[in-house]
Structures are given as structure tokens and as C-alpha cells.
Amino acid sequence: MTDSFTLEEISDHIDGEILSGDPDTVITGVSAIQDAGPADICYCGSAKYAGYLGSTNAVAVIVSNPVETAAECVLLVDDAYDGFRKVLHLFKPDRSSGFSRLHSSAVIHPASNIGENVQIGPSVVIDRDCVVGDNCRIGSGSVLGPGVILGNDCLIYPSVTLLAGTFIGNNVIIHSGTVTGSDGFGFVPAAGGEHKKIPQNGNVVIGNNVEIGANCTIDRAVTGSTKIGDHTKLDNLIQVAHNVCIGKGCFIAAQTGIAGSTVIGNGVVFGGQVGVGGHIVINDGAVIAAKSGVTKDVDSGVTVSGNPARPHMETLRLGAAVSRLPKIIELVKELNAGKKRETEG
Amino acid sequence: MTDSFTLEEISDHIDGEILSGDPDTVITGVSAIQDAGPADICYCGSAKYAGYLGSTNAVAVIVSNPVETAAECVLLVDDAYDGFRKVLHLFKPDRSSGFSRLHSSAVIHPASNIGENVQIGPSVVIDRDCVVGDNCRIGSGSVLGPGVILGNDCLIYPSVTLLAGTFIGNNVIIHSGTVTGSDGFGFVPAAGGEHKKIPQNGNVVIGNNVEIGANCTIDRAVTGSTKIGDHTKLDNLIQVAHNVCIGKGCFIAAQTGIAGSTVIGNGVVFGGQVGVGGHIVINDGAVIAAKSGVTKDVDSGVTVSGNPARPHMETLRLGAAVSRLPKIIELVKELNAGKKRETEG
Amino acid sequence: MTDSFTLEEISDHIDGEILSGDPDTVITGVSAIQDAGPADICYCGSAKYAGYLGSTNAVAVIVSNPVETAAECVLLVDDAYDGFRKVLHLFKPDRSSGFSRLHSSAVIHPASNIGENVQIGPSVVIDRDCVVGDNCRIGSGSVLGPGVILGNDCLIYPSVTLLAGTFIGNNVIIHSGTVTGSDGFGFVPAAGGEHKKIPQNGNVVIGNNVEIGANCTIDRAVTGSTKIGDHTKLDNLIQVAHNVCIGKGCFIAAQTGIAGSTVIGNGVVFGGQVGVGGHIVINDGAVIAAKSGVTKDVDSGVTVSGNPARPHMETLRLGAAVSRLPKIIELVKELNAGKKRETEG
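Protein chains in written order, with this note's numbering: chain Z, -11 to 333; chain Y, -11 to 333; chain B, -11 to 333.
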């Protein structure tokens, strides 16, 4: 990893076209358009930030349409955001651990199977009958309970807890503080309060190319598995209850909670702090706005919002009506007063 | 623990009556009615799942009323859900740790007292003056600060942090990532912004038979104790602020937050993502619907919902009224137009 | 630290005036006014608790105005709450670790720099190129990734995870389970679901005198830094997304979430469970009521509430209007019926 590239090198890396600027211009960093220094490259991907084009200190800007800009160099690509992504890869800082590949303070049960080229940090604990695939990295202090299976190329950050029987596919990223395989919340309630615990016999199954943020909780199933499908991405502090089944390619923003046995299709997008009730079906491509409370099934492709969640246009319509309500009440009172006068008059 | 039982063995275990099926039928697993394989037992406890009775692949079903079903064997019990609970116990998978009872990598202060038959995992840290009761299990990487007291038969999962002075009763389960005894959020605000911290001198006291989910935070009290009563069950990612006092036998669903000094009676039930303000009293048997924002005291046995939380029937009534609001506004506009015409006419 | 003080000693410590009581009265504890024992001191700072003045068992009470009380001793100070704070310091329990200053089970990379008088607990991991300032305490099981910088006098509780490049000022407190430097939630979405991860090249920068509660998540920036300003205090389970910039002296209550690139001024106060959208500006001194959903910029000094958040008086006005809505609908129906009778009559 080097710390500087020429405009031409970057252009080649992102399949771009140099619209202006000297191909030998040296670029030493990547930054947001409004924060960029004089040797930085940035991107402009939305109207919201176009206002900075004229004043940016960046030496180069990545765009998907020709623009006028204070930046000397302009790189044209099909998708500016994707170009930015590729440039971020070029300038990725070195965050590799200074510890040896298998740190001596890690505790690995002999009846577990560790793949090739695996990195295991200090104080990691791997219990019996685990399988860790090739090229996995497991950060300091993480714990794998008995029988945890990790595919290849997984990145488990420090302080992650994968409890007994968790099954994880290939190329999965799990951030610090996340717990998989905690017991689902199930009890036979007793009137006297001495509720009886329902054993949670199932596990958690996470597909390939999944990313799970920090301090999430993914409960194990009562029987069978709580499932998260391939390419689904979870943000931080998310609760996934027992027997939830999440499809492929979903985005779930922070602090969302999904109650037990709910089924979520493919490509569903959740804003933050959404709550979804139990035993609900959210179909493919639905969009759930932030802070919604979903109390019934959501059809494919529908955007819902509010609590209880309704089709978004309806939520907006009701919100607009409520905004007008004080004036409407005044009007009704006037009409009623007029009516009374008539009746009395 | 074996992996298969006969119908008769299961029937005996759950105090059931064989309504149909050969008592010698071999059953090798327990499952949800819709997912069951041909050697599985399942249960049907609600109308919602009765539709699967005709098509289930299960060999046996537990019910509390005679039913027609595709399953060969039918077991009748008083409470199907409780029968299911007992069968889950029979088929509980072996998740025991492969490590020795007191792992050599655990760090236990000599001035702490460890009971009989205790299991302490790798990388556990137990500071001075702790007491760990008999038959406790403490999972890998968990930390007990100075003076933590654990009763007998407690199950502390991996990566739990019990800070100084936490007092825990008997038969308590605490899931991974949970923190007890973090400082309450208390400051003397300063206009200039240099707020002064209020020392949090108190502790956390957890009763018997309590279960606390994953990644919860239970703050210590300013003085005295933050308390969670016997048989109360907390789901994941729950915040309990300083000096909160929760009674016995409560259920609190995920991502609920309870602000400081609030008092909660016995048998109170919370949906998920509820917020309760500080210095509030929620009386025995109240039910707080998911996502409610509780801003004032709740009477015994009352169900509240909404934000601000109101009696649930009132929330429903207001919600229904709001749903009709756009049409009402149209009507008011018509009435007003008529009125104007009259006046002008 | 002793366990008892005379009234006079306490009065001197808090710059108080003894309004009544024997200066030699021995006080052995500090407590809430309603819970106080006969040798305890308490305070009365608000009308809400004034009702306990007549019945408290406390021997002494701190007030900021002369009062009648059952307590023998009365101490007058300018600010009773601040007096209480100082007394809590006097009676702070000893929670010091029993372990040696640098525990042998801690793993500290040789290319890190540890200051003077630092305490590092068992199972702590400190990766390469870290700097830990003087007088820091790092609790058991905490992890510092590569290149983490801690100023002087920081208190890092057990089980904290500070990931690569986190920069922390002086006199900062971070509670257990909190993660700084997890990746921000950024992807180039793909229609087919194979979303591409945006590398998160930035870090987290935390100012001086900041306190962060338990189980929070502070994501690293895409480029540059996610920032938390001096004297800002975060409660538990809070989500701070990538590139958020929080000013000085803010209070943020539990379970609040702030989406990416949002900018928060100085002295902003958040209730619990607030959600703030991305790319929003909340100006100095704004107050965001609990459970608000902030979808647009908030002006300086304004209090907002509700979802979507509006100026608080407007939220109250709309809430009051909605409460009257069922009756208004009745009235409109009557008016309409009268109208119809007229038209038909």
C-alpha cells in the first residue's frame, strides 16, 4: 500500500476518463468534497454537495457528469459513488494487528479445526468442535462457543461472541460487541409470576457476504434456525429475535428490532429504529421508513412509515391532515356557532 | 441425553394422553409444526398455526384439544405450549464447554470465594471479594468486578460484565454482552458546558430466577440499589437506568428503555422499544404496548399504548379518528362552502 | 477514605452553612431523602421530593432554602444538588481493583507506549502503536486496536473495545461494552443485491472530559473523523454513525441514534430513544424531546418533539387537537345531518 498515486493511476484504477488535469498530478489522499486538502481527491455524487464544486480545495474530483469546479482535475466515471469506493480502497490505511498470526494467549480447544492462513488475536477463546475456514481473522477477545462454524474469508472483529452452534458462511464481517446465539425470549407465563423458560434448542445461520454491525443481538431459534440471507447488511445495535428469517440483500439500519418468527423477503430496506412485530411477513423489496412500527404484513415493493405503519403516502396524507387540524377545529366551531345562531335566531 | 424417545416416553414425560398413534413410535426431534420432519414431534397451540395440522410432516403433535391432523400420533395435554416446553428439554442439544471446569487462563483473585461445582471459562476475570455460589457457570471472557456476589445455580454467558458490587440471587441467567453496574447518567449541568459528574455510589441488585438478555445495560444507583425483582425476564438491548426498581414476574421486550428512579410493579408486561420517563410509577399488572412512550404513572392492570402513552382503547379511538380525518376535512370544507354560499346568497 | 464525617466536616466540604443541628453530629452515609437511615445525610432539591422533608429518617438534609424538616440537621448551600454531588464524593465506596497495576495476563504490544501510573487489568489487549497517557485505568478484558491514542487520566471500564485509530482526549470515561471505530454503514447498493462495501478509512476522535455510557457504538468516518466534543456526555446504548460531528457540552440520553454526517452544535440536549436522520444540522442549545424523530435541521435554542419532530409547542397543540378529534367528528356529523335536513326540507 503506497500513500500517493498519480491522477492517471487513479483514473486507470476506477475506469475513469480524465476530463481535465495533468495525468501526472500527485494525489495523496481521499476526502469529502467540503473537507478536502490540496492534494486530495473527492467525489461529487449528489445535488446536495454540488455547491462545494466551486470552492473545494481538492485537486481532483470524481463525477458522473462533466462539471465546472475549482478542482484542477476532473475524472469522469459511470457512477461517481462507486468510483469513490474504489479510490477509498486505494488509500485504505493499514490497520493490521501487530500480533503474531496465532497469538499464544488465545485458547483454542484441540477438538476444533482451524483453516489455513487464519489470524487469531490475543485472548480469543474457541471452544470444542468449531471450524474456522481459511483466511479468517478473529479479533482480540472474541469468543466462539462449542460447534461454531465459520466459512472462509470471514472477518470477526474484537469482542464478538458467537455462541454454540452458530453457522456463518463465507466472506462475512461481524463487528465488535455483537452476540449471535443468545437465547430467544420465550416463556410459558404463569399467573403467579413464576414463568417457565422455553428451551431454545435451535441456532443462528448466517449466509455468505453478510455484514453485521456492532453490538447487535441475533437470538438462536426455538427449533431450527434464525436466518440471515446472503449479502444482507445490518447496522449497529439491531435486535433479531428467535426464528426470524431475513432474506438476501437487505439493508437494516441501526437500532431496528425484529420480533420472533417474522419473515423478511429479499432486498428489503429498513430505516433506523424500526420495530417489527412477531409472526409478520415483509415481502421482497419493501421499504420500511425509520421509526416505523410494523404491525401487519407488508406487500412486495411497498414503502411504509409511521406507527402503526401504513403505506407511506397515506402516512403523509394523515400527517398533513393533522397539521391542519387546529384550523379545521376553529372552522367547525364557527360553523357550529353560526348554526346555533340560526337555530336560536 | 439421548437423541430419540418413543411416543410413550414422551407422553409420560409431559403427563400427556396418547389420543392416537403407536406408543412405540420413535421420535428423534422437536420442531415447529410447519417445518417438522417425518420423525419430529411438534405442537399446535393457537388458531394461527392450526392450518398446518392437515399438512404437517410431523409424526406427532401435542395439543390441548382433540384435533384432526396428518400426524400419526396425537398427544393430549392441559397446556400444549407447556408440553412443547417439556419436550424441548428432552431434546436439548449438548452445548457444554469442552474446557476444564476452572480454566487455567481464568484470573481469579485470591480474595474471592468460589463455590462447589462451579465452571469458569477461559479468560474470565474475577476481581477481589467476589462470591460465586455453587453450581454457577461463568462463560469465557466474562468479567466480575470487585465485590460481585452471585447466588447458586447462576448461568453467566460469555462476555458478560458484572461491575463492582453487583448482587445477583439464585438461578439467574445473564446473556452475553450485558453490563450491570455501569454508572447512571447523572450530572450537575453547567451553563458553560463543563458539567459535573454525580458520583454513582450505589449498586445493582438482581433477585432470584431472573433472566436478562444480551447487550442490556443495568446502571448502578446513585445511592442504594437499582433493583430487578424475582422471576422478571428481560429481553435484549434493554436500558435500565439508575435507581429503577422493577418488581417481580415482569416481562420486558427488547430495546425498551426505563429512565431513572422509575418504579415498576409486579407482573408488568412491556412490548419492545418502549420508553418510560424518569420518576414514574407503573403499577402491578399494567401492559405497555410496543413503542409506547410512557410520560406519566400507569394504573394497575391498565393497558397503554402510543406516544404519549394513553389507555389503549383511547389510542385506538384517536387512531381511528385520525384515519377518517382527510374525509372529515373534505366534509367541513363543503359545509363551509355551503355556509358561504348561504351568506353571500 | 473514611466512613463517617461530622456535620461540620461535611458543611466545610460543601461550603455550607449549618442552619440547625449539632456540628459534631456523626454522619455515616448518604442517601435519597425517602430511603435515608438515621445516620444518613440527604438532599432536597425539588418540589417533587419536598413532601418527604417532614417524614425523612435522615439526620441531615442539604437544601438551598431554609425548610421545616424532621431531620435534626439542616445544611444550607447555594445549589443543593451540587452539595449532594460533593457529599457523594466523600462517601464514594472503594471499588479499586485487587489486581496488580499491570496484570501479567494483559497483552501489550512492545510498539505501544504506556504512560506513568497506568493501571491495566487482566486480559486487556493493547495492539501496536498505541499511546496510553498517564494515570489511565483500563479495565479487564478491554481491547485497544492498533494506533489507539488515549490522553491522560482516562477511565476505560472493563470490556470496552477501542478499534484502530481511535483518538481519545484527557479525562475521558468510557463504560463497559462500548465500541468505537466500528465501520460506518456504507454500501453501493446493487439491484441484484450484491451490494459493495464502502471502505471506512476514517477514525473516531473524542475530546476531553467526555463520558460515554455502556454498550454504545461510535462508528469510524468514511474519511476524516467522527467527532465528539469536549464535555459531551452520552448515556447507554447510543448509536453515533460515521462522520457525525457532535459539539461540546451536549447531553444525549439512552438509546438515541444519530445517522451519518449529521452535525450537532454545542449544548444540545437529547431525551432517550431519539432518532436523527443523516446530513442534518442541529444547532447550539437545541433540545430534542425523548422519542423524537428529527428529519430536518433544528434551529439554535429550539425545543422539538414528536415524529416527525416539530417545535414542541406545535406538537403539543396538534396533540391536543387530536385528543379532541372524536368529539369534533361527532359535531361535524351533526352539522352535516342538519345541513342535509335543510337541503331536503
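Idealized CB from N, CA, C, for every residue including glycine.
Going by DSSP in three states, Y/Gly181 sits in which element: helix, strand or coil? Y/Gly181 falls in the coil class under three-state DSSP.
So Y/Tyr145 is in the beta strand (DSSP E); what residue range does that whole segment cover? Per DSSP, Y/Tyr145 belongs to no beta strand (DSSP E) and is neither H nor E.
Please determine, among B/Gly172, B/His1, B/Val49, B/Leu138, the residue with the shortest C-alpha to C-alpha distance to B/Gly103. Taking only the C-alpha atoms, the option nearest B/Gly103 is B/Leu138.
Supposed contact pair Y/Leu313 and Z/Ala309 - C-beta distance, whole angstroms, cut 8 Å: So it is a contact: roughly 4 Å between Cβ atoms.
Identify whether B/Ser170 lies in helix, strand or coil by the three-state DSSP scheme. B/Ser170: strand per DSSP, three-state reduction.
Taking only three categories from DSSP, how would you classify B/Gly263? DSSP, reduced to helix, strand and coil, places B/Gly263 within a strand of the structure shown.
How about Z/Arg208 and Z/Gly190: are their beta carbons less than 8 Å apart? Contact check for Z/Arg208 against Z/Gly190 passes: the beta carbons are separated by less than 8 Å.
Close-in-space but distant-in-sequence residues of the same chain around Y/Val228 (CB under 6 Å, 5 per side omitted): The residues are Ile206, Ile246.
Taking the continuous alpha helix (DSSP H) assigned at Y/Val75, which residues delimit it? Counted as a single uninterrupted DSSP element, the alpha helix (DSSP H) harbouring Y/Val75 occupies residues 68 to 78.
Let me see if you follow: with CB-CB separation under 8 Å, is Z/Ser(-1) close to chain B or not? For Z/Ser(-1), the answer is no, since every Cβ of chain B falls outside 8 Å of its Cβ.
Less than 8 Å between the C-beta atoms of B/Gln243 and B/Leu222, yes or no? No. Outside cutoff.
At a cut-off of 7 Å, would you count B/Val264 as near the ligand FMN, judging by its Cβ distance to the nearest heavy atom? In the structure on display, the ligand FMN does not appear, and there are no ligands present to speak of.
Classify Y/Leu63 as helix, strand or coil using the three-state DSSP reduction. Residue state, collapsed to three classes: strand.
Identify the contact partners of Y/Lys221 in chain Z, using a Cβ-Cβ distance below 9 Å as the criterion. Correct list: Phe173, Phe175, His183, Lys185.
At the 8 Å Cβ level, is Z/Arg305 part of the contact set with chain B, yes or no? Not an interface residue.
How many angstroms separate the CA atom of Y/Val292 from the CA atom of Y/Ala277? Taking the CA atoms as reference points, Y/Val292 sits about 6 Å from Y/Ala277.
Could you name the residues of the same chain whose beta carbon sits closer than 8 Å to that of B/Asp218, not counting the 5 residues immediately before and after it, in chain order? Hits under 8 Å: Gly157, Gly195, Asn196, Asn197, Val198, Lys236, Gly237.
CA-to-CA distance, Z/Lys284 to Z/Val269, given in whole angstroms: Cα to Cα, the separation comes out at about 8 Å.
Would you say the stretch 153 to 173 of chain B touches the stretch 166 to 183 of chain Y, given that touching needs at least three Cβ pairs under 8 Å? Counting Cβ pairs under 8 Å, three or more are found: they touch.
Classify Y/Asn101 as buried or exposed, calling it buried when 16 or more other Cβ atoms lie within 10 Å of its own Cβ. Exposed, because fewer than 16 other Cβ atoms sit within 10 Å of the Cβ of Y/Asn101.
Need the endpoints of the alpha helix (DSSP H) that B/Glu342 sits in, please. Any property of residue 342 of chain B remains undetermined from this structure, which presents chain B solely from -11 to 333.
For the alpha helix (DSSP H) that B/Ile21 lies in, which residues bound it at each end? Counting along the chain, no alpha helix (DSSP H) covers B/Ile21, and no H or E run does either.
Taking the straight line between their C-alpha atoms, what separation do you get for Y/Ser93 and Z/His97? Rounded to the nearest whole angstrom, the CA to CA distance from Y/Ser93 to Z/His97 is 13 Å.
Other residues of its chain near Y/Pro177: CB distance less than 8 Å, five sequence neighbours each side excluded: Cβ within range, chain order: His183.
Can you check the stretch 248 to 325 of chain Y for any beta strand (DSSP E) of at least 3 residues that lies completely inside it and give the ranges in chain order? DSSP runs (the beta strand (DSSP E)) wholly in the stretch 248 to 325 of chain Y: 291 to 293.
Can you find the residues in the same chain that come closer than 6 Å, C-beta to C-beta, to B/Thr149, ignoring five residues on each side of it along the sequence? Here the set comprises Val131, Val167.
Give the range of the beta strand (DSSP E) segment to which B/Ala229 is assigned. B/Ala229 -> no beta strand (DSSP E), and no H or E assigned at all.
What does Y/Asp28 pair with, by DSSP beta-bridge criteria? Per the DSSP secondary-structure output, Y/Asp28 pairs in a beta bridge with Y/Gly17.
Per-residue burial, Z/Asn254 [other beta carbons within 10 Å of its own, 16 or more giving buried]: Z/Asn254 sits buried, since 16 or more C-beta atoms from the chains shown fall within 10 Å of its C-beta.
Supposed close pair Z/Val14, Z/Ser(-1) - CB separation, criterion 8 Å: In this structure Z/Val14 does not touch Z/Ser(-1) by the C-beta definition: roughly 13 Å separates them, more than the 8 Å allowed.
I'd like to confirm the pairing. Which residues does DSSP put opposite Z/Glu199 in its beta bridges? Z/Glu199 is bridged to Z/Ile161, Z/Lys221.
Which word fits Y/Pro146, buried or exposed, when buried means at least 16 other C-beta atoms lie within 10 angstroms of its C-beta? Buried.
Under the three-state DSSP convention, the category Z/Leu7 falls into: Here Z/Leu7 sits in strand by DSSP.
Amino acids of chain Y, ordered along the chain, whose beta-carbon sits closer than 8 Å to that of B/Asp70: For B/Asp70, the chain Y residues whose C-beta falls within less than 8 Å of its own C-beta are Val176, Lys184, listed in chain order.
Contact residues within the stretch 156 to 168 of chain Z, judged by C-beta distance below 7 Å to chain Y: Per Cβ criterion, the list reads Gly165, Val167.
If you follow the beta strand (DSSP E) that Z/Lys215 is part of, which residue opens it and which one closes it? Here the beta strand (DSSP E) through Z/Lys215 covers 213 to 216.
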